[in-house]
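Numbering (the numbering used here), first residue to last: 3 to 255.
Okay, structure first, notes after.
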Ligand SMILES: [Ca+2]
Ligand SMILES: [Ca+2]
């Protein structure tokens with residue numbers, strides 16, 4: 003009987019350890035589906051964004067799980083007239099990748115790289131070596147390639163897509179100057195009337211006001227936080243946001 007109890011206790015222990023191990027494993031699983039995929043991919047981050055007319059925001063172009071990365075050509079498109087791209091922060095991202103003075107970009111200026119008339123961004127960047135050590139190392143891992151600053155200039159929806167047609171295609175290259183096979187994940191951005199927080203979308207009404215009320219006085223770190231209730235995108239929901247929703251109350255697209 004004593005032996006039987008002992009066996010039962012041991013069995014229970016094994017089950018408990020098994021459950022704990024499973025829970026631990028679950029918490030260690032990647033956060034999103036795309037991140038669990040094998041191979042190299044490039045993506046628009048965040049993949050989906052909702053902001054308001056007049057807001058400025060940043061969209062990252064990120065490469066994941068890349069090996070021996072040495073060059074990149076990007077062709078990114080959006081709907082002109084909805085978004086205006088104001089900066090690509092190329093110096094920041096490329097210095098982080100290969101080091102200061104260890105890369106070359108073409109076109110040289112952001113004004114030439116960004117074309118808001120047709121909604122296209124294009125650039126070609128390659129790492130460059132120095133004549134003496136320390137030599138530039140090809141990059142392996144995950145990296146942000148661009149931080150595109152956008153201003154929302156009209157209401158509507160647009161994709162932010164990788165383009166693979168025309169003079170500039172989206173190409174990742176390795177240190178042997180071969181293309182790196184990868185998957186591309188595009189993004190979408192929706193621009194709304196300021197204060198159009200919830201359904202019905204296209205109208206600012208009592209439903210939106212109610213949502214703002216629930217999030218009132220919250221900040222990015224507090225529990226009642228709702229990013230869309232922060233209409234002016236300054237990190238808190240306060241009287242300034244209430245003023246905007248009041249001004250747009252009853253407005254439709
Ligand atoms: Ca609404
Ligand atoms: Ca605010």
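All C-beta atoms, glycine included, are put in the ideal place defined by N, C-alpha and C.
Distance CB(residue i)-CB(residue j) smaller than 8 Å
i, j, result
"residue 253", "residue 42", "no"
"residue 69", "residue 187", "no"
"residue 105", "residue 176", "no"
"residue 148", "residue 92", "yes"
When the options are compared against residue i, the one with the closest alpha-carbon
i, options, result
"residue 169", "108, 88, 143, 147", "108"
"residue 67", "144, 135, 98, 120", "144"
"residue 100", "146, 88, 159", "146"
"residue 96", "200, 50, 88, 141", "141"
"residue 204", "85, 129, 158, 119", "158"
"residue 255", "106, 51, 156", "156"
"residue 85", "133, 50, 111, 192", "192"
"residue 119", "88, 174, 135", "88"
"residue 166", "218, 50, 225, 75", "75"
"residue 82", "62, 117, 251, 102", "117"
"residue 178", "243, 231, 129, 244", "129"
Cβ neighbours of residue i in the same chain (closer than 7 Å, five flanking residues each side left out)
i, result
"residue 115", "90, 109, 123, 124, 125"
"residue 247", "197, 206, 210, 211, 214, 233"
Sequence-distant residues of its chain with Cβ nearer than 8 Å to residue i (five each side left out)
i, result
"residue 223", "none"
Chain-order list of residues whose beta-carbon lies under 6 Å from that of residue i (same chain, five-residue window excluded)
i, result
"residue 131", "137, 138"
"residue 29", "Note that residue 29 scores a pLDDT of 45, beneath 50, so its modelled location is shaky and nothing firm can be said."
"residue 80", "121, 160, 162"
"residue 49", "189"
Distance cut-off 7 Å: residue i Cβ against heavy atoms of ligand 3
i, result
"residue 188", "What this structure holds is ligand 1 and ligand 2, not ligand 3."
Contact with chain C by residue i, beta-carbon distance below 8 Å
i, result
"residue 159", "Of the protein chains in the structure, only one exists, and it is not chain C."
Residues around ligand 2, please: the ones whose beta-carbon is closer than 7 Å to some heavy atom of it, in chain order.
232, 233, 234, 235, 236, 237, 238, 239, 240, 242, 243
Touch test, the stretch 182-198 against the stretch 52-65, Cβ-Cβ under 8 Å, three pairs minimum
yes
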